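Below is one structure, written out as structure tokens, with a few remarks after it.
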Amino acid sequence: EVILSGRRVNDNMGLFVASKVVKLMITKGQKVKGAKALILGITFKENCPDIRNTKVVDIYNELKQYGMKVDIYDPHANNDEVHEEFGINIIDAINSKYNALILAVSHNEFINIDVKKITEKDAVIFDTKAFLDREIVDARL
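For the sequence shown, the numbering used here begins at 4 and goes up steadily by one.
Right, dumping it as structure tokens:
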């Protein structure tokens, strides 16, 4: 029963993260539909190219259901593999500003990322790994 309970929590994490991001956006006066979100990382774990068993796709799908435009950036993931497995094209560089940023995988490359450079004013920053500086995030798991 404990194992099943843990699985339920894990299976609903994408919904939880997306809902929390949307609520924070509304609180900050952001328009959700049409907003741009960036998810940092899609691999199963940090600094590794393995996309099997990743739950990041659940966050992506939930945000898309809110009408958001969602990009995923992951320097470790192979775009062809991600597209074949999930039907998602990941971006190979961050060339835009986003209304929401979700750190989903704590790759070493993300530790010094300049969040202000890639987010709009009043953007929501959600850190699922307690990886980014606490002072710049709106919420973490």
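Cβ atoms here follow ideal geometry from the backbone N, Cα and C, with glycine treated the same way. This one's a predicted model, so the numbers in the text were calculated from it and none came from an experiment.
Query                                                                                                                                                                                              : Result
Taking the alpha carbon of N27 as the reference point, which residue from N115, A103, L43, K120 has its own alpha carbon closest?                                                                  : Reading off the sequence shown, one finds Leu at residue 27, where the question assumed Asn. Looking at the Cα atoms, A103 is the closest of the given residues.
Spatial neighbours of S22 within its chain, please: C-beta separation below 8 angstroms, excluding the five flanking residues on both sides.                                                       : E65
In this structure, does DSSP put Y69 in helix, strand or coil?                                                                                                                                     : coil
Please go through the same chain and pick out, in chain order, the residues whose beta-carbon is closer than 7 angstroms to the beta-carbon of F47, but skip the five residues on each side of it. : D53, I54, R55, N56, T57
Quick one: what does DSSP say N15 is sitting in, helix, strand or coil?                                                                                                                            : coil
Can you have a look at H110 and say buried or exposed, based on whether 16 or more other CB atoms are within 10 angstroms of its CB?                                                               : buried
Do D117 and I93 have their C-beta atoms within less than 8 angstroms of each other?                                                                                                                : no
Within 10 angstroms of its Cβ, does G17 collect 16 or more other Cβ (buried), or is it exposed?                                                                                                    : buried
Mapping the DSSP letters down to three states, classify F134 as helix, strand or coil.                                                                                                             : coil
Here's the rule I'm using: 16 or more other beta-carbon atoms within 10 Å means buried, otherwise exposed. How should D125 be labelled?                                                            : exposed
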